[in-house]
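Only one structure is covered here, and it is reproduced in the block below.
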Amino acid sequence: MTSKSNSKLIGGEQEFAPLDLYFGTTNSGRSSLRWILESMRLKGKRILIPDYLCQAVVDVLEAYNIEVSFYTVLSDLSFDLSILSADVDALYVVRYFGYSTAALQAVLARSRLPLIIDDVFEIQPPGISSEVHWCYFNSLRKISAVADYSQVISNRPLSIISKLYLNDFTCAKYLAKARKYDFLQRGLGREVDYLDQFVYAEQILDTEQGIFEASAKSCYVANLFFQKLSEETAIRKANLELAKSLLERKLYIDIKPAFPSFLPLWCKRRDVVRKLLMEKDIFLAIHWPTLQVARNNLSDHVLSLPLDSRYNSQDIERVCNLLRSFAHE
Ligand SMILES: Cc1ncc(COP(=O)(O)O)c(C=O)c1O
């Protein structure tokens, strides 16, 4: 009993342990990143970034006149910063596929540089014990049916900004999702209609430079997603373990995330394998192709196998069996 009386206090408002953190939401990872750069006052400063990253991030950094220098991400998604002597104002780290490598854990525990933590495919931040100024963001829109939602968390206050809504993007994206639903679940419409609509929606986001709020609809859809989180997590974990058990070790990068979204596959001739899979109606994404300004071997070899609850064990088996048969391509 920790209250002063001997009997348990019942009733009244619910208590809540202080979190000592600061929170924000936006419509996308890039909106969150812009807000973070403003909050950390990094405009025109120098940031050390990984050479395995999405171009959208580099574009945002460029728009803020940030001078970037690159560090190398190794084939197991770890990195070694000990030999780098770059004089920078902040370090940008990515928790690739939601997996905290030992290298990432060490940075989160001991970094002496302010940190931007890009957790694009996760839902909860990792443990961060370094006391430097850090800002974390994810992008729920990348790993769920939610069209526009990203969480920002920081150990210092976020700058006060007025956020706008990007309604055209939200509407265009949910229309694309509805068309895909109709095509897949009801046999209505044509594939090209939803594909074109997805491209159109993303173009709206790509041409904007602002910091936008998550839509009310996406907050609701995010709620639905979190209501089923334990079932979703269990399916994803089972799919991850199944895929790993079916594939030779050299065909994937061994990740152990708490909330899996994709298994990074390693293909000797990735583009050939991807094309062969397409012929079987399997469309696997390439996350982080080669950047305009830096190269990494991973960008040429990794394909992402989705693990979410749209897919059951037969689906995972079908893809893995094909991957095995294409392994020598
Ligand atoms: C590693 C990484 N960070 C950030 C982003 C930006 O997220 P969003 O597309 O939601 O702006 C992406 C986009 O794919 C990404 O892959």
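With my numbering applied, the sequence shown corresponds to residues 1 to 329, in that order.
Where a beta carbon is used, it is the ideal one built from N, C-alpha and C, also for glycine.
Which class does residue i belong to by DSSP, given the choice of helix, strand or coil?
| i | result |
| --- | --- |
| W266 | strand |
| A17 | coil |
| C54 | coil |
| A285 | strand |
| L305 | strand |
| L81 | coil |
| V88 | coil |
| F183 | helix |
| Y220 | helix |
| Y252 | strand |
Since I believe residue j is in contact with residue i (beta carbons under 8 angstroms), could you give me their beta-carbon distance rounded to a whole number of angstroms?
| i | j | result |
| --- | --- | --- |
| F70 | A294 | 5 angstroms |
| K217 | Y174 | 7 angstroms |
| S309 | E208 | S309 to E208, Cβ: 31 angstroms. No contact. |
| V93 | I117 | 6 angstroms |
| S261 | R141 | That belief does not hold up - the Cβ atoms of S261 and R141 are roughly 12 angstroms apart, past 8 angstroms. |
| L158 | S39 | 5 angstroms |
| E191 | L246 | Actually they are not in contact, since the Cβ atoms of E191 and L246 sit about 28 angstroms apart, beyond 8 angstroms. |
| A214 | Y149 | 4 angstroms |
| L53 | W288 | 6 angstroms |
| V330 | C135 | One cannot answer for residue 330 here, as it falls past the ends of the chain, which runs 1 to 329. |
Run through the DSSP bridge pairs and tell me what residue i is partnered with.
| i | result |
| --- | --- |
| E232 | Partner(s): none; E232 has no beta bridge. |
| F169 | DSSP, once it has assigned bridges, lists no residue as partnering F169. |
| E213 | Y165 |
| T26 | S150 |
| R46 | E67 |
Could you pull the start and end residues of the beta strand (DSSP E) that residue i belongs to?
| i | result |
| --- | --- |
| Q151 | S150 to S154 |
| F259 | That residue, F259, is in no beta strand (DSSP E); it is neither H nor E in DSSP. |
| F97 | No beta strand (DSSP E) contains F97, which DSSP labels as neither H nor E. |
| F121 | No beta strand (DSSP E) contains F121, which DSSP labels as neither H nor E. |
Go to residue i, then tell me how far its alpha helix (DSSP H) extends in each direction, as first and last residue.
| i | result |
| --- | --- |
| D118 | Premise fails: D118 lies in the beta strand (DSSP E), L115 to D118, not in any alpha helix (DSSP H). |
| F326 | S313 to F326 |
| A294 | First-last for A294: undefined, no H or E at that position. |
| I204 | E191 to T207 |
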